[in-house]
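Chains A and B, in that order, give the protein sequences. Every position in the first sequence, counted from 1, becomes a number in my numbering once 173 is added. Every position in the second sequence, counted from 1, becomes a number in my numbering once 15 is added. Heads up, the beta-carbon is just placed ideally off N, CA and C, and yes, glycines get one too.
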Amino acid sequence: MKILVPFKRVPDPATTIRILPDGSGIATDNVKWVINPFDEIAIEEALRIKERLKTGEVVLMTIGQSNWQEQLRTGLAMGADRAKLIVTDKPLDTLTIARVIAKVVAEEQPRLVILGKQAIDDDSNQVGQMLAEILGWPQATFASKLEIEGDRCTVVREVDGGLETVAFPLPAVVTTDLRLNEPRYASLPGIMKARKKELKEIPIESLGLDLTPKLRVKELKAPPKRQAGRKVGSVQELVKLLHEEAKLI
Amino acid sequence: MAQILEDLDYFSLDDLLTSEERMTRETVKQFVEREVLPEIETHFAAETFPLQLIPRMAELGFFGANMKGYGCAGMNNVAYGLIMQELEAGDSGLRSFASVQSALSMYAIYAFGSEEQKRRYLPQMAQGKLIGCFGLTEPDHGSDPAGMETRARRDGNGWVLNGTKRWITNGTIAGVAVVWARVDEGIAGFLVEKDKPGFTSRNINGKFSMRASITSELTFEDVRLTDSDRLPEARGLRAALACLTQARYGIAWGAIGAARSCYRTALEYVKSRKQFSRPLAGYQLVQNKLVTMLTEITKAQMVCLRLAHLKDQGKMRQEQVSFAKRNNVGWALEIARMARDMLGANGIVNEYPVIRHMLNLETVNTYEGTFDVHTLILGRDLTGLSAFD
């Protein structure tokens, strides 16, 4: 079974993010870039499905600049078979990204697309859902368990207050939650093998899509600094403040 | 700028690494963070080696990573150095295990073994199914291996081995020992499997350093060997010393990892610890220590990266390895002591990794050529006059 895993490159979660003085974006000098952690879970799941079924192909894709190759190579080193880099230096909104992925789906014809439920940088949580809509495929979001039997897929989803099990026919789109699996590290032999795997660059213009964003980021602001706490003299005073000032009770 | 300080890459040396080298470092770093750090203090306290990590390290391709063929990853020497650096950021004992398995035991077979020996041992050793150890040092011969007393006597078509080797990492868990012994024509290397009659080993306990590492004594009493147990290409002490050069190369890198862990711990600590109502980091004496640490770690990084490139080009001199081992380990130990001091009383408890690194580095400063012996090697290189033989 062919599985497509689209991923996004994001700043390492451990990186201290600084916003540019004009609020147009984040400072990217000296930022360490990684595969979006939820997408990394998607790669791991795709590899596990392939290992379980003992057949198939895992294809990675991302949309960005030429130097995003490094993250694609990391995915190939984890065990994916080949990769596609849709090259652009323009910022794209979520709908455009979903449309670009849909184009690749049309060409690759995977039975399953697995991607993270959201990217940890902008937390949009939209691409998987939009992609399913464009393709007219079933979707299962926030997967914490995934099973495939023949041409059917069963996914356990994490929803408020419990778990929901959904079953649907393939092809389909699945987005991953945190507890689906723990991604492997790229082994050293895997890193050496990745050298020889196919990594194709495709200029985004060749896809023939309208890339004009419908959405524009106007400004980024750092969250307000946390205020220092203060001590209260009695329970009465605390209750009074919670009621009158914090308006919590 | 904040990020540079967290990653301790003050001169953007990362830009000089290939993506494969960075990926390799990332793999080892994650392995250490997730699988080593959570349990290393327990092993250090109990004076045990985390044996369960051996198959994991093998699976990830850490053993013999810079060798080609025989199931080894075939990486370059920058990647190999980065593996050592990240392992030692975890614990010097863990890096010692990898050094002894790769740079001493596997390398001895790789460089001086017969094709048959390579095929028999190296794939199993790369897979971590067979552990190696390296018997050169003796109870009475450390810095002067040429004086070794272990002897292999010709007996018909075979050999009879007698002697004692001491301070041997992995000795009691090794399936095969690379043993150096005096023969009529000089020094020769032998591969002694653990079940050979007359070969015994025991652990040396009571260490205050390298507690998460196995240190042993090997005894050979009339151990009978054949010609096929001898390393055919190992002629003279030069062969043993070539193995040490490999190990020292990795140690020079490893020391950076231990020093970095101490520096980071100290930096975090002095920023949050307040005395006289302001952070320790705001005091001149403390800043002076931090700057010294940063400077010396950065210099050590530069030396190692250049050394790696020379090694990959086949131009590395053993004196350059002595320079790097001596400088980097000497400074790592000094940095660990500074960090220990900066943490005050907290610097002596295992809630922080500093005291463990500091104690370990005392060993690292001594083994594989003491700091002073490397000084003499460099002195000889500069003057042409040997001060030690």
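Cβ neighbours of residue i in the same chain (closer than 8 Å, five flanking residues each side left out)
i	result
Ser297 (chain A)	Thr267, Gln291
Val178 (chain A)	Asp212, Ala215, Ile216, Ala219, Val231, Val232, Leu233, Met234, Gly248, Ala253, Val286, Ile287, Leu288
Leu193 (chain A)	Ile199, Ala200, Leu393
Tyr85 (chain B)	Gly79, Tyr125, Lys133, Arg134, Leu137, Pro138, Ala141
Lys211 (chain B)	Val238, Arg239, Leu240
Phe59 (chain B)	Asp106, Gly108, Arg226, Ala227, Asn365, Arg371
Ala402 (chain B)	Leu391, Gly394, Arg395
Ile293 (chain A)	Val183, Pro186, Asn209, Pro210, Phe211
Residue i versus residue j: straight-line alpha-carbon distance, rounded
i	j	result
Phe223 (chain B)	Trp195 (chain B)	28 Å
Val339 (chain A)	Asn203 (chain A)	43 Å
Leu246 (chain B)	Gly128 (chain B)	5 Å
His416 (chain A)	Gln409 (chain A)	11 Å
Met353 (chain B)	Lys304 (chain B)	7 Å
Ala17 (chain B)	Ile219 (chain B)	With a pLDDT of only 42 at Ala17 (chain B), under the threshold of 50, the placement of this residue in the model should not be trusted; the figure read from the coordinates follows. Cα to Cα, Ala17 (chain B) sits roughly 44 Å from Ile219 (chain B).
Val329 (chain A)	Arg357 (chain A)	22 Å
Gly384 (chain B)	Glu153 (chain B)	14 Å
Met357 (chain B)	Val318 (chain B)	27 Å
Ala113 (chain B)	Asn185 (chain B)	10 Å
Trp206 (chain A)	Leu245 (chain A)	12 Å
Val300 (chain A)	Gly237 (chain A)	15 Å
Pro294 (chain B)	Arg279 (chain B)	16 Å
Gly399 (chain B)	Leu256 (chain B)	19 Å
Asp350 (chain A)	Ser317 (chain A)	6 Å
Lys263 (chain A)	Asp195 (chain A)	19 Å
Cut-off 7 Å between Cβ atoms - residues of its own chain near residue i, not counting five sequence neighbours on either side
i	result
Trp310 (chain A)	Pro344, Ala345, Val346
Thr390 (chain B)	Arg341
Met90 (chain B)	Thr39, Ala80, Asn81
Leu75 (chain B)	Thr42, Phe46
Ile19 (chain B)	Its pLDDT being 48, under 50, Ile19 (chain B) is placed unreliably by the model, and the measurement read from it follows with that caveat. Result list for Ile19 (chain B): Tyr25, in chain order.
Neighbourhood of residue i by C-beta distance below 6 Å, restricted to the same chain and skipping five residues each side
i	result
Gly150 (chain B)	Lys180, Ile183, Ala192, Val194, Leu233
Ala189 (chain B)	Ile146, Gly147, Cys148
Leu325 (chain B)	Met331
Lys370 (chain A)	Leu249, Arg255
Beta strand (DSSP E) segment containing residue i, residue limits
i	result
Val232 (chain A)	230-237
Cys148 (chain B)	147-150
Trp206 (chain A)	206-208
Glu366 (chain B)	Neither: Glu366 (chain B) is in no beta strand (DSSP E) and is coded neither H nor E.
Contact check, residue i vs residue j, beta carbons under 8 Å
i	j	result
Glu414 (chain B)	Gly272 (chain B)	In the structure as shown, chain B starts at 16 and stops at 404, and residue 414 (chain B) therefore has no counterpart that could be examined.
Ser158 (chain B)	Val388 (chain B)	yes
Glu103 (chain B)	Ala270 (chain B)	yes
Ile259 (chain A)	Leu304 (chain A)	no
Ala227 (chain B)	Leu52 (chain B)	no
Ile222 (chain A)	Ile321 (chain A)	yes
Gln335 (chain B)	Ala118 (chain B)	no
Asn96 (chain B)	Gly345 (chain B)	It should be pointed out that residue 96 (chain B) corresponds to Gly in this sequence rather than to Asn. No, these two residues do not count as a Cβ contact at 8 Å.
Met251 (chain A)	Ala359 (chain A)	yes
Ala249 (chain B)	Ala315 (chain B)	no
Asp155 (chain B)	Leu206 (chain B)	no
Ile350 (chain B)	Ala267 (chain B)	no
Lys175 (chain A)	Arg352 (chain A)	no
Bridge partners - residue i, DSSP secondary structure assignment
i	result
Gln312 (chain A)	A:Val346
Asn451 (chain B)	Shown here, chain B extends from 16 to 404; a query on residue 451 (chain B) therefore has no answer.
Gln142 (chain B)	DSSP, once it has assigned bridges, lists no residue as partnering Gln142 (chain B).
Ala405 (chain B)	Residue coverage of chain B in this structure runs from 16 to 404, which leaves residue 405 (chain B) outside it and unanswerable.
Leu176 (chain B)	B:Ala167, B:Val238
Gly335 (chain A)	A:Val332
Pro179 (chain A)	A:Met234
Ile183 (chain B)	B:Ser231
His156 (chain B)	B:Glu153
Phe341 (chain A)	A:Cys326
Glu208 (chain B)	B:Val191
Boundaries of the alpha helix (DSSP H) in which residue i is found, first to last residue
i	result
Asn343 (chain B)	333-357
Glu377 (chain B)	369-381
Arg255 (chain A)	Arg255 (chain A) -> not in any alpha helix (DSSP H); beta strand (DSSP E) instead, spanning 255-260.
Leu246 (chain B)	No alpha helix (DSSP H) contains Leu246 (chain B), which is instead part of the beta strand (DSSP E) from 245-250.
Gly105 (chain B)	92-105
Gly190 (chain B)	That residue, Gly190 (chain B), is in no alpha helix (DSSP H); it is neither H nor E in DSSP.
Ile270 (chain A)	267-281
Leu285 (chain A)	No alpha helix (DSSP H) holds Leu285 (chain A); the beta strand (DSSP E) holding it covers 285-289.
Residue i at chain E interface by Cβ criterion, 8 Å
i	result
Glu243 (chain A)	This model lacks chain E altogether, as its protein chains are A and B.
heavy atom of the ligand GTP below 7 Å from residue i C-beta
i	result
Gly108 (chain B)	Among the components modelled here there is no ligand, and therefore nothing to report on the ligand GTP.
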